[in-house]
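Order-wise, the sequence lines are chains Z and U. Per UniProt numbering, the very first residue in the first sequence carries number 1; after that it's consecutive. Per UniProt numbering, the very first residue in the second sequence carries number 1; after that it's consecutive. Note that beta-carbon positions come from the ideal geometry of N, C-alpha and C, so glycine has one too.
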Amino acid sequence: MTNWTADQPIVRLRDVHKSYGQVEVLRGISMDVMKGEVICIIGPSGSGKSTLIRCINALNDIQAGSIQVEGQEVHDPRLDKLALRRKVGMVFQQYNLFPHKTALQNVMMAPVKVLKEKPAEVETRARALLKKVRLEGKENHYPGELSGGQQQRVAIARSLAMRPDVMLFDEVTAALDPETVKEVLVTIKDLAAEGMTCILVTHEMGFAREVADHIYFTDRGVIVEHGPPAEFFTQAKDARTRDFLDQVL
Amino acid sequence: MAYKTPVPTAKGALPVLLPFAPRGPAYDAFFATRWLAAIPAGWIVALAALFPAMVLAQAGAAAAIETPLEKLLRWMPFLFTQGFLFNVLISVLAMAIGTAVGAFAGLALISRARLLRAVARVYVTFFRNVPWLVLLFIVLLAFPFQIKVFGMTIPLPGWIKTVIGLAIPVSANIAEVVRGAVQSVPTAQWEAAESLGFTRRQTIWQIILPQCFKRMLPPWMNWYAILTMSTPLCSLLGVGEIISLTRQAMEAEGNRPELLIPFYGFALLLFLAYCYPIARLTLRLERRFAVKN
Ligand SMILES: Nc1ncnc2c1ncn2[C@@H]1O[C@H](COP(=O)(O)OP(=O)(O)OP(=O)(O)O)[C@@H](O)[C@H]1O
Ligand SMILES: [Mg+2]
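Take a look at the structure:
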């Protein structure tokens with residue numbers, strides 16, 4: 001249907017506009033993300049970072065512009081949403097695990113129920129994923145019995161179980177205490193090192209600097225400035241970016 | 001001064017009313033259960049033990065050849081098996097139907113189809129507020145004595161109609177329980193499910209409902225207790241449940257006034273003994289789930 005090839009952007013935003021009622025939250029966002037890239041989106045609170053990332057997997061609709069994932073228009077009414085969600089995984093700030101299911105069941109549920117894969121095969125994969133996020137031995141724990149950092153890693157494994165091509169992370173460490181932030185960041189770093197395309201909203205500047213290929217700074221619904229971390233952190237041109245960096249660095 | 005701390009009021013403004021807190025059962029989803037469960041267990045036991053004494057006292061010194069208590073004793077097995085167990089049957093059937101219909105009505109309340117939602121809203125609002133007795137009479141009079149399905153004639157005796165009549169308001173209330181429980185699950189759960197590709201239907205049945213099942217259990221049991229205590233309404237429609245039978249038994253015994261307290265007291269005790277444990281269990285479950293969630 002689409003003739004997307006890996007040399008084209010895997011996620012492509014053009015002049016995206018989004019409003020809640022009268023309030024315009026995204027005012028013309030454009031962005032290209034290549035396969036295997038790690039993108040960090042930073043910016044002050046309320047600047048529309050979460051909204052932007054949620055539009056990419058159609059959790060929010062948009063009023064104008066275009067969002068394409070692997071060449072497929074996300075906001076096409078004829079879009080096969082399931083096909084999109086297989087491609088795009090999402091991890092939330094508040095983990096949002098299913099509290100009535102164990103860690104293993106949380107990871108297995110979508111592949112079994114949504115993709116109708118064989119439970120035995122999914123279980124092997126799910127156990128491997130939990131091991132990968134360093135949660136061996138916690139398979140049968142319920143979310144309520146896990147720490148925030150552990151829950152967040154289960155959430156990452158749950159998303160990965162759908163074998164997505166792109167992962168979205170929305171401030172996934174913001175609800176964690178400083179000690180557990182690291183274990184989640186290590187997990188994401190591993191993923192990035194394996195070549196997973198990641199789009200992250202984060203306040204962890206050190207992390208962004210270390211793993212990001214490209215950093216976008218948003219303010220009041222527009223991208224003010226973007227560039228590779230080395231340039232971005234040292235040679236920011238816009239006053240708003242410099243103000244923000246002064247505050248957080 | 002009635003209050004130690006006068007409520008401060010701006011000059012010329014009406015005084016702010018203190019919150020109105022009626023004593024006794026507050027009218028919330030659990031009022032019946034809370035009221036029942038608040039009775040100390042000892043009282044129930046004492047009531048059961050003192051019951052014969054009260055009966056004797058009412059009979060007075062001039063105890064007849066057969067005391068009212070002895071008369072009651074003679075009737076007890078009949079009243080229990082033919083009467084009270086019938087009430088239990090009616091309540092169980094009405095609850096089963098009410099729950100099944102209520103579950104779907106509750107899901108209709110949160111449906112994305114506006115028309116279905118509106119229809120369900122009208123159904124639920126109407127039947128939650130219409131007096132149960134009125135509804136029972138309507139069902140009794142509106143439904144035929146028998147219905148013909150595929151050439152078969154199925155009789156509809158009065159008691160079946162009362163089951164239907166009781167199931168309708170129960171279903172409306174259960175619908176609200178289901179709606180409330182579903183909406184008490186954070187929207188984040190819906191979003192997590194959506195981002196994993198679950199359809200809306202899958203999300204409701206596999207992710208949302210299993211989570212709020214525990215939350216629905218206490219109010220569901222609360223409605224069961226209310227329903228059970230309402231089954232004597234059926235006696236007004238001529239169904240031979242315990243209150244009808246008790247009245248007939250007293251008539252058979254010559255309608256003597258000293259029979260009133262023992263015979264109706266017995267019926268009351270049966271209802272208390274049946275619903276009290278349910279109420280206690282309900283509150284215990286509610287407390288436990290409240291702590292866990
Ligand atoms: N469901 C909604 N309805 C109305 N307005 C909303 C809604 N969600 C977000 N907004 C508004 O949109 C703006 C952008 O919100 P968004 O959550 O995208 O910001 P953010 O950059 O992620 O902020 P933060 O860093 O605090 O998470 C805010 O002004 C917010 O009030
Ligand atoms: Mg946000």
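Under 7 Å: does the beta carbon of residue i sit that close to some heavy atom of ligand 1?
i	result
lysine 49 of chain Z	yes
glutamate 73 of chain Z	no
valine 16 of chain Z	no
glycine 65 of chain Z	no
valine 91 of chain Z	no
valine 25 of chain Z	yes
tyrosine 20 of chain Z	yes
glycine 149 of chain Z	no
serine 45 of chain Z	yes
Taking residue i as part of the beta strand (DSSP E), name the residues at either end of that continuous run.
i	result
serine 47 of chain Z	Note, serine 47 of chain Z: premise wrong, no beta strand (DSSP E); not H, not E.
arginine 14 of chain Z	11 to 20
lysine 148 of chain U	146 to 149
isoleucine 29 of chain Z	23 to 33
isoleucine 39 of chain U	Per DSSP, isoleucine 39 of chain U belongs to no beta strand (DSSP E) and is neither H nor E.
glycine 144 of chain Z	Run containing glycine 144 of chain Z: none; DSSP gives neither H nor E here.
glycine 89 of chain Z	88 to 91
What is the residue span of the alpha helix (DSSP H) that residue i lies within?
i	result
serine 182 of chain Z	The amino acid occupying residue 182 of chain Z in the given sequence is lysine; serine does not appear at that position. 178 to 193 is the extent of the alpha helix (DSSP H) around lysine 182 of chain Z.
glutamate 191 of chain U	187 to 195
aspartate 219 of chain Z	Aspartate 219 of chain Z -> not in any alpha helix (DSSP H); beta strand (DSSP E) instead, spanning 214 to 219.
leucine 200 of chain Z	Leucine 200 of chain Z -> not in any alpha helix (DSSP H); beta strand (DSSP E) instead, spanning 197 to 201.
isoleucine 97 of chain U	85 to 109
methionine 229 of chain U	209 to 230
aspartate 170 of chain Z	Per DSSP, aspartate 170 of chain Z belongs to no alpha helix (DSSP H); it is in the beta strand (DSSP E), 166 to 170.
methionine 108 of chain Z	103 to 113
glutamine 248 of chain U	242 to 252
proline 229 of chain Z	229 to 234
glutamine 152 of chain Z	148 to 160
isoleucine 160 of chain U	158 to 184
Does residue i come within less than 8 Å of chain Z when only Cβ atoms are used?
i	result
alanine 181 of chain U	no
glutamine 189 of chain U	yes
proline 25 of chain U	Reliability fails at proline 25 of chain U, whose pLDDT of 48 lies under 50, so the model's placement of it is uncertain and the value that follows must be treated cautiously. Cβ-Cβ to chain Z under 8 Å: no for proline 25 of chain U.
alanine 267 of chain U	no
alanine 192 of chain U	yes
Taking only beta-carbon positions, decide if residue i is within less than 8 Å of chain U.
i	result
leucine 59 of chain Z	yes
valine 114 of chain Z	yes
methionine 196 of chain Z	no
arginine 153 of chain Z	no
arginine 240 of chain Z	no
arginine 86 of chain Z	yes
isoleucine 10 of chain Z	no
methionine 90 of chain Z	yes
lysine 18 of chain Z	no
So with CB distances below 9 Å, who are the chain C contacts of residue i?
i	result
methionine 162 of chain Z	In the structure shown, chain C does not exist; the protein chains are Z and U.
Can you tell me whether residue i sits near ligand 2, meaning its C-beta is under 7 Å from at least one heavy atom of the ligand?
i	result
glutamate 241 of chain U	no
glutamate 204 of chain Z	no
glutamate 171 of chain Z	yes
valine 11 of chain Z	no
valine 201 of chain Z	yes
Subject >> Selection of the stretch 52 to 84 of chain Z by Cβ proximity to chain U, strictly under 7 Å >> reply: Residues of the stretch 52 to 84 of chain Z with a Cβ closer than 7 Å to any Cβ of chain U, in chain order: Asn57, Leu59, Leu82.
Original post:
Hey, is the stretch 140 to 159 of chain Z in contact with the stretch 88 to 106 of chain Z, meaning 3+ C-beta pairs nearer than 8 Å?
Top reply: Result yes; three or more Cβ-Cβ pairs closer than 8 Å.
Subject >> Residues of the stretch 93 to 127 of chain Z with Cβ closer than 8 Å to any Cβ of chain U, in chain order >> reply: For the stretch 93 to 127 of chain Z, residues whose beta-carbon sits nearer than 8 Å to a beta-carbon of chain U comprise Gln94, Asn96, Leu97, Phe98, Pro99, His100, Met109, Ala110, Lys113, Val114, Leu115.
Subject >> Short-range partners of chain Z found in the stretch 198 to 213 of chain U, where Cβ spacing is below 7 Å >> reply: Those residues of the stretch 198 to 213 of chain U that come within reach of chain Z (Cβ to Cβ, closer than 7 Å) are Phe198, Gln202, Gln206, Ile207, Pro210, Gln211.
Original post:
Going along the stretch 163 to 182 of chain Z in order, which residues come within less than 9 Å of chain U, judged by CB to CB distance?
Top reply: Result list: Leu168.
Subject >> Inter-stretch contact (C-beta, 8 Å, three-pair minimum) for the stretch 260 to 275 of chain U and the stretch 69 to 85 of chain U >> reply: Short answer: they touch.
Original post:
Any contact of the stretch 211 to 223 of chain Z with the stretch 25 to 40 of chain Z, i.e. 3+ C-beta pairs under 8 Å?
Top reply: A contact exists between the stretch 211 to 223 of chain Z and the stretch 25 to 40 of chain Z.
Original post:
Counting Cβ pairs, one atom from each stretch, are 3 or more of them under 8 Å apart for the stretch 155 to 174 of chain Z and the stretch 184 to 204 of chain Z?
Top reply: Cβ pair count under 8 Å is three or more, so yes.
**OP:** Would you check if there are 3 or more beta carbon pairs closer than 8 Å linking the stretch 177 to 194 of chain U to the stretch 229 to 244 of chain U?
**Re:** With the cut-off at 8 Å, the stretch 177 to 194 of chain U and the stretch 229 to 244 of chain U do not touch.
**OP:** State whether the stretch 17 to 29 of chain Z contacts the stretch 220 to 228 of chain Z, with contact taken as three or more CB pairs (one from each stretch) at a distance under 8 Å.
**Re:** With a cut-off of 8 Å on Cβ pairs, the stretch 17 to 29 of chain Z is in contact with the stretch 220 to 228 of chain Z, counting three or more such pairs.
Original post:
Counting pairs of Cβ atoms below 8 Å between the stretch 189 to 202 of chain U and the stretch 119 to 128 of chain U, do you hit three or more?
Top reply: Touching, no.
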